[in-house]
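>
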Amino acid sequence: DTEVTQTPKHLVMGMTNKKSLKCEQHMGHRAMYWYKQKAKKPPELMFVYSYEKLSINESVPSRFSPECPNSSLLNLHLHALQPEDSALYLCASSQGGWGTYNEQFFGPGTRLTVL
Amino acid sequence: EDQVTQSPEALRLQEGESSSLNCSYTVSGLRGLFWYRQDPGKGPEFLFTLYSAGEEKEKERLKATLTKKESFLHITAPKPEDSATYLCAVMGNYGQNFVFGPGTRLSVLP
């Protein structure tokens, strides 16, 4: 089973709202990732968790706050977002820890619209 | 700095018209090259991993090949359902994250 699940599929929020995106995988993968993707662009890495510890934060604004409650779950907490944050947010996982040369498996994404 | 380019940017084919997509890379010691397919509004779907020059992998109508400078994704007798954006990504010795190319948007017309 090579499935990464994400909820919700769609999210519309105001600039003063607080919301969370959720990602789950049950493949025993040890690295989990958050990416942001704008239309007609490749995914941009935001955060990497390796063995449940934050390994990479690609200079992401503090209005995005990741959390890894356990080895299967990854959350992205959103607060005071801007309209330019509207995008497809993708979660991915890979078998080895961060830095191992494994393929990443992506979830279906959450389409976020900030009004 | 690791870099990936893909060509063409967009490609239109008639059903059954075979072609190839190119992924050229500059990386300090290639550790892996990855091909993905992405449908609009969905997450990338993993296709292939290639680790060394000369390696080839096949899946249905797709075949991926790798040289020291580039990779090709050959599509044989494509069908309309092969229409998607094809992304390649690399990992090098000194980078530990994927470096994605900009993608090739493929349209296969019936």
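These protein sequence lines are chains A and B, in that order.
Taking the numbering used here as reference, the numbering of the first sequence is continuous, increasing by one, and the terminal residue is 115.
Taking the numbering used here as reference, the numbering of the second sequence is continuous, increasing by one, and the terminal residue is 1110.
Glycine is no exception: its CB is placed at the ideal position from the N, C-alpha and C atoms.
1) Give me the chain A residues within the contact set of Y1032/B, using Cβ-Cβ distance strictly less than 7 angstroms, ordered along the chain.
2) For E1056/B, does the three-state DSSP call read helix, strand or coil?
3) Looking only at its own chain, which residues have a Cβ that is under 7 angstroms from the Cβ of A87/A, when we skip the five neighbours before and after it?
4) Looking at the unbroken beta strand (DSSP E) that takes in F64/A, where does it start and where does it end?
5) Rounding to the nearest angstrom, what Cα-Cα distance links V114/A and K19/A in this structure?
6) To the nearest angstrom, how far is it from the Cα of N1022/B to the Cα of V1090/B?
7) Between F1072/B and chain A, is there a C-beta pair that is closer than 8 angstroms?
8) Should T1085/B be labelled buried (16 or more other beta-carbon atoms within 10 Å of its own) or exposed?
9) What residues match up with L45/A in a beta bridge as DSSP calls it?
10) Measure from the C-beta of P107/A to each C-beta in chain B and report whether the shortest distance is under 8 angstroms.
11) Can you pull out the residues from the stretch 75-104 of chain A whose beta carbon lies closer than 9 angstroms to at least one beta carbon of chain B?
12) For Y1086/B, list the residues DSSP reports as bridge partners.
13) Could you tell me the alpha carbon to alpha carbon distance between V1099/B and S55/A, rounded to whole angstroms?
14) In angstroms with no decimal places, state the Cα-to-Cα distance between T7/A and E1056/B.
15) Interface residues of chain B around L45/A at Cβ under 8 angstroms?
16) Quick one: Cα of Q1014/B to Cα of N75/A, how far?
17) Give the interface partners of R111/A over in chain B, defined as CB-CB distance under 8 angstroms, in chain order.
18) Would you check if there are 3 or more beta carbon pairs closer than 8 angstroms linking the stretch 1043-1060 of chain B to the stretch 1101-1108 of chain B?
19) For L1067/B and C1088/B, I'd like the C-alpha separation in whole angstroms.
20) If you draw a straight line from the C-alpha of V60/A to the C-alpha of P1110/B, how long is it?
21) Would you kindly report the start and end of the unbroken beta strand (DSSP E) that includes V114/A?
22) How would you call S1020/B, buried or exposed, if buried means at least 16 neighbouring beta carbons within 10 angstroms?
23) If we cut at 8 angstroms on Cβ distances, does L1087/B have a partner in chain A?
24) In terms of residues, what are the limits of the beta strand (DSSP E) holding N1097/B?
If we stick to the structure as given:
1) Checking the sequence shown, residue 1032/B turns out to be Gly, not Tyr. Close partners of G1032/B in chain A (Cβ separation under 7 angstroms): Y101.
2) Note: E1056/B maps to strand in three-state DSSP.
3) Cβ within range, chain order: K36, Q37, K38 and L112.
4) Per DSSP, F64/A belongs to the beta strand (DSSP E) from F64 to N70.
5) Spanning the two alpha carbons is a distance of roughly 11 angstroms.
6) C-alpha of N1022/B to C-alpha of V1090/B: approximately 13 angstroms in a straight line.
7) Closer than 8 angstroms: no.
8) That one is buried.
9) Beta-bridge annotation (DSSP): L45/A is paired with Y35/A.
10) The residue asked about is misnamed: residue 107/A is Gly in this sequence, not Pro. G107/A counts as touching chain B.
11) The stretch 75-104 of chain A vs chain B, Cβ under 9 angstroms: L88, L90, C91, A92, W98, G99, T100, Y101, N102, E103 and Q104.
12) According to DSSP, Y1086/B bridges with R1037/B and T1104/B.
13) Using only the alpha carbons, I get a separation of about 17 angstroms.
14) Each residue's alpha carbon lies about 36 angstroms from the other.
15) Under the 8 angstroms cutoff, chain B gives N1097 and F1098.
16) In a straight line, the C-alpha of Q1014/B is about 43 angstroms away from that of N75/A.
17) Listed by position along chain B, the residues whose Cβ is nearer than 8 angstroms to that of R111/A are G1041.
18) Because the criterion of three Cβ pairs below 8 angstroms is not met, the stretch 1043-1060 of chain B and the stretch 1101-1108 of chain B do not touch.
19) The displayed chain sequence assigns Thr, not Leu, to residue 1067/B. So the alpha carbons of these two residues sit roughly 14 angstroms apart.
20) Approximately 43 angstroms, taken between the alpha carbons.
21) T110 to V114 is the span of the beta strand (DSSP E), which, as asked, contains V114/A.
22) Using a 10 angstroms sphere on the CB of S1020/B, the tally of other CB atoms stays under 16, which defines it as exposed.
23) Yes, because at least one Cβ of chain A sits closer than 8 angstroms to the Cβ of L1087/B.
24) Unbroken run through N1097/B: none, as it is neither H nor E.
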